[in-house]
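Just so you know, the sequences run in chain order A, B, C and D. Quick note: the first sequence uses the working numbering, first residue 105, plus one each step. Quick note: the second sequence uses the working numbering, first residue 105, plus one each step. Quick note: the third sequence uses the working numbering, first residue 105, plus one each step. Quick note: the fourth sequence uses the working numbering, first residue 105, plus one each step. Glycine residues also receive a C-beta, built at the ideal position from the N, C-alpha and C atoms.
There are 4 protein chains.
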Amino acid sequence: MSHNTFGHLFRVTTWGESHGPALGCVIDGTPPGIPLTEADIQTWLDKRRPGQSRYTTQRKEPDTVRILSGTFQDERMAAPLTTGTPISLVIENVDQRSKDYGEIRDSFRPGHADLAYEMKYGLRDYRGGGRQSARETAARVAAGAVARKVLAHELGGPVAIRGALIQMGTLTIDRARFDWAETEKNPFWCPDAEAAARFATALDEIRKAGSSVGAVIEIVASGIPAGLGAPIYGKLDAELAGALMSINAVKGVEIGEGFAAALLRGEDNADEIALQTGGIVYGSNRAGGIQGGISTGQDIVARFAVKPTSSILAPRKSITRDGKPTEIVTKGRHDPCVGIRAVPVGEAMMACVLADHLLRQRAQTGVAGPVFTPGR
Amino acid sequence: MSHNTFGHLFRVTTWGESHGPALGCVIDGTPPGIPLTEADIQTWLDKRRPGQSRYTTQRKEPDTVRILSGTFQDERMAAPLTTGTPISLVIENVDQRSKDYGEIRDSFRPGHADLAYEMKYGLRDYRGGGRQSARETAARVAAGAVARKVLAHELGGPVAIRGALIQMGTLTIDRARFDWAETEKNPFWCPDAEAAARFATALDEIRKAGSSVGAVIEIVASGIPAGLGAPIYGKLDAELAGALMSINAVKGVEIGEGFAAALLRGEDNADEIALQTGGIVYGSNRAGGIQGGISTGQDIVARFAVKPTSSILAPRKSITRDGKPTEIVTKGRHDPCVGIRAVPVGEAMMACVLADHLLRQRAQTGVAGPVFTPGR
Amino acid sequence: MSHNTFGHLFRVTTWGESHGPALGCVIDGTPPGIPLTEADIQTWLDKRRPGQSRYTTQRKEPDTVRILSGTFQDERMAAPLTTGTPISLVIENVDQRSKDYGEIRDSFRPGHADLAYEMKYGLRDYRGGGRQSARETAARVAAGAVARKVLAHELGGPVAIRGALIQMGTLTIDRARFDWAETEKNPFWCPDAEAAARFATALDEIRKAGSSVGAVIEIVASGIPAGLGAPIYGKLDAELAGALMSINAVKGVEIGEGFAAALLRGEDNADEIALQTGGIVYGSNRAGGIQGGISTGQDIVARFAVKPTSSILAPRKSITRDGKPTEIVTKGRHDPCVGIRAVPVGEAMMACVLADHLLRQRAQTGVAGPVFTPGR
Amino acid sequence: MSHNTFGHLFRVTTWGESHGPALGCVIDGTPPGIPLTEADIQTWLDKRRPGQSRYTTQRKEPDTVRILSGTFQDERMAAPLTTGTPISLVIENVDQRSKDYGEIRDSFRPGHADLAYEMKYGLRDYRGGGRQSARETAARVAAGAVARKVLAHELGGPVAIRGALIQMGTLTIDRARFDWAETEKNPFWCPDAEAAARFATALDEIRKAGSSVGAVIEIVASGIPAGLGAPIYGKLDAELAGALMSINAVKGVEIGEGFAAALLRGEDNADEIALQTGGIVYGSNRAGGIQGGISTGQDIVARFAVKPTSSILAPRKSITRDGKPTEIVTKGRHDPCVGIRAVPVGEAMMACVLADHLLRQRAQTGVAGPVFTPGR
């Protein structure tokens, strides 16, 4: 991870500001020969796209992606294939409305990074938050779509990387009703239909009040082989934690049992191991699929907490650029629960981390999974 | 972060196994001209050293550090100074007792990374856990000591990076009694004397039962200037999260309000901003000193959760290398609450991340802090 | 250096194929607050642009650059300023004529990388050479233009990075007539007017014969402070060598005296040192301004050799994709001496390396030049 | 390449000063399961070791290497095997004689990096040249020995990486007499017995005169598969150039035809391609085994020029630390032709670059060689 580049062998460099002409990314290190079209990426961008329900910002962005390099098709090929050279993706900004934001030119919104950027760089593109805007995450989702293609192609089997909103403010889901299919049926990516209804009622009230609320998202990757990850500083969980914490507004990350592991005794925590016909079977998955920074073959399970967006109607005390006290009220178009749109972003980050580690394991050992399997 | 190297400009590469002849690290990128002696490092290693109370492993390791390169002193200098070249630190292993561990050669301890290492690499140094042993963290603490020197020298003022054990299993501290001075007075680094007494009672029982327990540690850095950190993937909180999650047994990381931020409304979360004679004053520090991945000048506050060590006396089901079912009982010398010794390690990781970001800010802007301050 | 990214702190990631829709680069790490317009970059692109004389390819590419991110201007600013966030530059491809290249779909041009790419990746974008085309160097020149701005701004004084074609085939310049001003007056960037006339005559003959010829280019950077560069693997000369060797068709690189240093005795090689009013004065510059990988304050002097382009009318023996013998004749639009257009590319690479090392020195020491000067 | 670390996936970090207690390196990324003993490394260190003939420095260093981590052996294994964790190698300094060097404490030897280091860092370890000493190259040779093991193990066949001194001052070899076996029979690694005799006579005279002389070294790697290397900035030749230029005293690097390619016409330069029973056969190897930055399956051929060491008896003008004029005469123990001992260092650097690229190709494509071969 280095400033605007993410990953080591599956490397994603993103660029772009909220109200500039466009944003995008360059993906380097992709294996050659993988079918890849703009539609493959658009599917996932559409999932993150704003304005799809009354619960997200009403900014109208089609978020249409263009592939400018790195794929090739001629008459012998059924689809464009990656060539192994860098893939450049561009998404134009369409609905900027910069006048909405002129008022924050000379003052700093509490809870935003306005002041931090200004202290760091001495100036900032304040239009729509500039580079600090969550609009940057569109590039992450595009990169994640490519990472999914890499994982599927190189692993040769079904890989699922799915996210769910499991908590909104103080409201939580009931684990007994957890159903991945349900996440596609409500505007919250909530896996519990009953909770989704409660989320809707609560968020309507919050939205009308000009307020906002935090959330917790869970990301699960299934079909990931054992052996990915790398001690000591390239641990799979360490890099996942960094990746998820780098998403706008995220304040906490946990793997498997997470903070609840602190409550446990040793007897209750370690996942027991057995061998069955299909391979290794674990008695539980408190580790979240990662031991010593290395994938175990179980589902990879991560959660992250998103704070409430600080763009609210209630006035907040702040200062101006020249040090005068002021009050800020944010009127623009905003997400009352930015956690909702963080769901596809979290999926994308996990996909990128896993694709990166797949290539790293292959570099060191020649295989994209375990070198050894007990009983074989 | 890349396998065994941590950091970008303040780069730490660690090496060594639990029962090999030695362990150590190479630190590259240190500014020249900083006074640095072995004693400067030893102080912090002593804090992490095992066997100092009945609550940690009884392995006897003096953990004496040697500086093999990167400093220089002649008759004109009052102390050895860093030269800007790589600093190589070595710590010999003294009390290995490898026979203790022969029984895990052909089977895999649940909750440990034995099986994960074997699947990843096809073989492992199983003596004392080899590279997966928390013994590696001695090298981190040594590097952290150098990072502290860098921070103090380059910032030219008081910087404090302190850790505290704030939760052991289900027992927590009382925030009203939080006192940093107290952490030096009990074997848990607990900032609440009353809680420390409860921790002692509980841990005695756990230790005698051959069990173990999890913990939560809080790390706070004071005196850190605004402007450190870097969007988008080099965010200060993202790299802290990765750094802390890379510590053995850590399952969760949070910054500032952390997971509790998910519960809040926007009005309750954003830290208000004011200007006073001494500079910027914030109404609260729910952000944990970081906005948009950049330090704000407030205390940097992070917490991490440590699982109970899986080395316990109760038998756990597992398999052998050739796939047979077995039961594992761990008899060696172990920490009943590995979270205790994680305190100085967490401090070290925060010190390293901050030193790295100080150099990165200086590279891009020429100053080791804010470029701009409101009202000046 | 890693695949398609160049530099450590001034990081350039390029993308794009010869006949794709566009090519470009993302520049990360630029200091904030530097005035930067598209015109600043266009000046240098125009220098490299094809079709400006009969001695370069007749492909018509305006090479118009667009800045898509990383700069900002409002009514308070006289010019757009860099913000410290990534600068995305895009150049559209206009004059592709892909039909010219269909014949090389199934065979491999000797001297080109056709076969090497196919062996490495299993497929390639053969249109115009795809990613192996020297068209990629437009992105380097654009990045070099930004690097020049960084150097000028951060050093606050005159920096000149200039290139000259000093040899074409067996024809060489006369050092006694070396005049930088002359390089702007002939189509070869030749610093010797008399040699330029000889180059013209020779190259007309070569061009008409459908042949090509090699060249040697010299790049000199003036105004670079002492102290840039870094032992051991980040040596300024080592990174310059890598940078220049990465330019298409380059087969040799030398610094200062270069290969001629092998002929010398110790007495004849070392540059003597003296102090005058203006600072350090060296008796000679056989080192090319670099000692131990660190700049000395003298001119940085590098040379590189470019092979003759392999796109020639004479038939050359090769094989087809399915292993049959064939003969290749290249008819498209090509440079009879690709070394000519390598001049601005070499300048750009040196500018990028120097900007990178300026930031690196500033990171480690806080200054963008020497920490110590004798006699002060 | 970054300061003291070399390589991307086969990563070598070196440390140590000429007169410190020890020097060494940490190698990260090595594949697991490769047999590796100290003797495997010692063989190559012995080749570089000083004091083996009257033509190299008389400093007596046994250069005994110790492996401190990263390998493991138990009773089931015939030899220690790499475990995939970092390999730490240490070589003690034995024969320092620091008093020899006290006189350069306050003045700067022309042709050395004394002044450059002092300007960069503000201080330096001047004992024996400190970090700028060629003694650092012992660590490179040790790393190169591990790289050779990696190449042999992963390629599963004979790989030879050999170096030869082909020019000493104005004396050159006769290519018609080039014989690799001869390099083992004279103290110069000269492949031409007749030339070796002339080298001996010349160097005896130079040595007695307290002078020194430059040299050219050729390194050839045989048995390297096609497909290694990576456009655009990770080109195999670009990284080789950087690697060889990073060796002390090197001033020029060339690949294949090198600077002589500038003299050629297109018809004379491109290597023709044919297919025979055993695979691809090229009509020549002017490319030096690399096209477009990617290996072609031919021998990899590189040459580099080494300047005469600046440690000579003839007085040279310089200045003192406080700016006074002075004259320097170097009396210590030195190599009259440092190019001789650069031969094993050049081999080691090529081995490291190739091992790195082998892992990189495997990461991206899953194979450690070509993905495609014509006619198959």
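What residue range is occupied by the uninterrupted beta strand (DSSP E) comprising residue i?
i	result
D:P429	P429 to I432
C:K355	V354 to I359
D:L269	A264 to M272
B:E165	Segment: none, B:E165 is in no beta strand (DSSP E) and carries neither H nor E.
D:R386	In the sequence as displayed, the identity of residue 386 of chain D is Tyr instead of Arg. Element bounds for D:Y386: G383 to Y386.
Is the shortest distance between the beta-carbon of residue i and the beta-carbons of chain D less than 8 Å?
i	result
B:Q468	no
C:M349	yes
With respect to the alpha helix (DSSP H) encompassing residue i, which residues constitute its N-terminal and C-terminal limits?
i	result
C:F303	A297 to K312
B:W148	E142 to R152
D:Q465	G443 to T469
A:V245	T241 to L259
B:G370	G370 to N373
When burial is assigned at 16 or more other CB atoms within 10 Å of the CB, is residue i buried or exposed?
i	result
A:E240	buried
A:D341	buried
A:D167	buried
B:P429	exposed
B:R153	buried
D:P419	exposed
A:V198	exposed
C:M495	No statement about residue 495 of chain C is possible, as the shown extent of chain C runs from 105 to 480 and does not include it.
A:E121	buried
D:Q156	exposed
Looking only at C-alpha atoms, which of the options sits nearest to residue i?
i	options	result
C:A251	C:G396, C:T274 and C:F114	C:F114
C:K164	C:D150, C:T175 and C:P262	C:D150
D:K289	D:L269, D:A306 and D:L275	D:L269
C:M272	C:Q465, C:I444, C:L462 and C:A472	C:I444
A:E376	A:Q395, A:A366, A:I359 and A:G382	A:Q395
A:L193	A:C441, A:R244, A:T424 and A:T276	A:R244
B:D132	B:G248, B:E309, B:A242 and B:I359	B:G248
Counting only C-beta atoms, is residue i closer than 8 Å to chain A at any point?
i	result
D:R464	yes
C:R228	yes
B:V447	no
D:L113	yes
C:L344	no
Using DSSP bridges, identify the partner residues of residue i.
i	result
A:E196	A:A126
B:K421	B:E431
C:V324	C:R266 and C:V405
Looking at chain C, is there any beta carbon in it that lies within less than 8 Å of the beta carbon of residue i?
i	result
A:N108	yes
B:G133	yes
A:E258	no
A:E121	yes
I'd like to know if residue i contacts chain B, where contact means its C-beta is closer than 8 Å to some C-beta of that chain.
i	result
C:P335	yes
D:T117	yes
Say yes only if the C-beta of residue i is nearer than 7 Å to one or more non-hydrogen atoms of the ligand MG, and no if none qualify.
i	result
A:E165	Only the bare structure without any ligand can be found here, which leaves the ligand MG out of the picture.
Do we get a CB-CB distance below 8 Å when we pair residue i with the residues of chain F?
i	result
A:G188	Reference to chain F is not applicable here, since the protein chains of this structure are A, B, C and D.
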